[in-house]
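K.L.:
Handing you a structure now.
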Amino acid sequence: MIKYSALILGLLLTLLSCKEEPTGPLKVLGNTKMVDGKEVQHTVGIVNHYSTDSTLITNKELEKYIYVADFFFTSCPSICPKVTKEMMKIYGAVIDDPMVRMVSFTIDPKRDTPAKMKLYAENLGVDTKKWLFLNGDMDATHELANTYFVPAMVDKNAPGGFDHSGKIILVDKEGRVRSFSEGTDPATTPQLIKDIEKLKEEYKK
Numbered sequence: 002m003i004k005y006s007a008l009i010l011g012l013l014l015t016l017l018s019c020k021e022e023p024t025g026p027l028k029v030l031g032n033t034k035m036v037d038g039k040e041v042q043h044t045v046g047i048v049n050h051y052s053t054d055s056t057l058i059t060n061k062e063l064e065k066y067i068y069v070a071d072f073f074f075t076s077c078p079s080i081c082p083k084v085t086k087e088m089m090k091i092y093g094a095v096i097d098d099p100m101v102r103m104v105s106f107t108i109d110p111k112r113d114t115p116a117k118m119k120l121y122a123e124n125l126g127v128d129t130k131k132w133l134f135l136n137g138d139m140d141a142t143h144e145l146a147n148t149y150f151v152p153a154m155v156d157k158n159a160p161g162g163f164d165h166s167g168k169i170i171l172v173d174k175e176g177r178v179r180s181f182s183e184g185t186d187p188a189t190t191p192q193l194i195k196d197i198e199k200l201k202e203e204y205k206k
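In structure tokens form, the structure reads like this:
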């Protein structure tokens, strides 16, 4: 089982409690905080990672798009293949949409080099301009995962040496988490695809 820290458990409970009704507008998930006397919505952390062609990808680049993110590692023997299968379904739904990108962060950057992830993407048959596979500092990536409400940590007793969640996260152009699905539960994928369409409508107004 995932070993949730108190912080992650709190974030997870917030995320679950904020999930929007299927017929309603998408909410911004996560707690707000006060900064200089103003209420600020939760946003994801600092992205400073390299793509399969060794291009540096930052928040500024990602904020050009709505994007769907997950945290994985290529040698994962447990949940990752299931999550990737659901990511592939989402990829198929947005493949021709220039407003949407897919992003997979490796939580095992030592083994998942850009070259290895490029081969992984080629084996999936996906376009690495559309679906980014990102490598960065391991500790920073695990901390980043927390801001997406995805626990990820080193655990020598876990399959593959890492304990992590299979959540798939939808992020808007402002870096705010707007929806999620359970990558290990195929039944939740269609709703996320619908949520992508809802989120796109916000930017058409």
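This note's numbering applies: residue 2 is where the sequence shown begins, and numbers increase by one. Cβ coordinates follow ideal geometry from the N, Cα and C atoms, glycine included.
1) Is it the case that the region 69-77 contacts the region 104-122, given that we only count it when at least three CB pairs across the two stretches are under 8 Å?
2) Taking buried to mean at least 16 other C-beta atoms within 10 Å of its own C-beta, is SER18 buried or exposed?
3) Please tell me whether PHE92 and VAL127 are closer than 8 Å, where the distance is taken between their beta carbons.
4) Buried or exposed: which applies to GLU22, given that a residue is buried once 16 or more other Cβ atoms fall within 10 Å of its Cβ?
5) Can you tell me which of the three DSSP states LYS195 falls into?
6) Please report how far the alpha carbon of ASP164 lies from the alpha carbon of HIS143, in whole angstroms.
7) So, under 8 Å CB-CB, GLY176 and THR75 are touching, yes? Tell me the CB distance rounded to an integer number of Å.
8) Could you check the C-alpha separation between TYR149 and ASP196 for me, to the nearest Å?
9) When the Cα atoms are used, what is the spatial distance from ALA188 to LYS86?
10) Leaving out the 5 sequence neighbours to the left and right, which residues in its chain are closer than 7 Å to ASP113 when beta-carbon positions are compared?
11) Which class does THR85 belong to by DSSP, given the choice of helix, strand or coil?
12) Just curious, the alpha helix (DSSP H) that HIS143 is in, first and last residue?
13) Cβ atoms of LYS119 and THR129: under 8 Å apart, would you say?
14) Tell me where the alpha helix (DSSP H) around LEU30 begins and ends.
15) Between PRO115 and SER55, which are expected to be in contact by the criterion C-beta below 8 Å, what is the C-beta distance as a whole number of angstroms?
16) Measuring only the C-alpha atoms, how far is VAL178 from ILE170?
17) Only counting the same chain, and skipping five residues up and downstream in sequence, which positions put a Cβ closer than 7 Å to that of THR190?
18) Write down the C-beta distance between LEU145 and GLY46 rounded to the nearest angstrom, noting that I regard them as a contact closer than 8 Å.
19) Considering just the uninterrupted stretch of the alpha helix (DSSP H) at TYR121, what are its terminal residues?
P.N.:
Reading from the atomic positions:
1) Contact holds: three or more Cβ-Cβ distances are below 8 Å.
2) Interpretation of SER18 is limited by its pLDDT of 44, a score under 50 that renders its predicted location unreliable; the figure taken from the coordinates is listed afterwards. In summary, SER18 is exposed, with fewer than 16 beta-carbon neighbours lying within 10 Å of its beta-carbon over all protein chains present.
3) The question names Phe, yet the displayed sequence has Tyr at residue 92. Result yes, Cβ atoms of TYR92 and VAL127 sit closer than 8 Å.
4) Bear in mind that a pLDDT of 48 at GLU22, under 50, signals an unreliable position, so the number given afterwards is only what the model happens to contain. GLU22 should be labelled exposed.
5) For LYS195, the three-state secondary structure derived from DSSP is helix.
6) Roughly 11 Å separates the two Cα atoms.
7) About 26 Å separates the two Cβ atoms, so there is no contact after all.
8) If I take the Cα positions, the gap works out to 17 Å.
9) One alpha carbon belongs to ALA188, the other to LYS86, and they sit about 12 Å apart.
10) Short of 7 Å from the beta carbon of ASP113, and not among the five residues preceding or following it, lie these beta carbons of its own chain, in chain order: PHE74, THR75, THR107 and ASN136.
11) Three-state DSSP puts THR85 in a helix.
12) Start and end: 139-148.
13) Contact annotation: THR129 and LYS119 have beta-carbon atoms nearer than 8 Å.
14) Where LEU30 is concerned, there is no enclosing alpha helix (DSSP H), given that its DSSP letter is neither H nor E.
15) Contact flag correct, Cβ pair sits at about 5 Å.
16) VAL178 and ILE170: Cα-Cα distance of roughly 7 Å.
17) For THR190, where only same-chain residues beyond five positions count, the Cβ hits under 7 Å are GLU87, LYS90, ILE91 and SER182.
18) Right, their Cβ atoms sit about 5 Å apart.
19) Annotation for TYR121: the continuous alpha helix (DSSP H) segment containing it runs 115-125.
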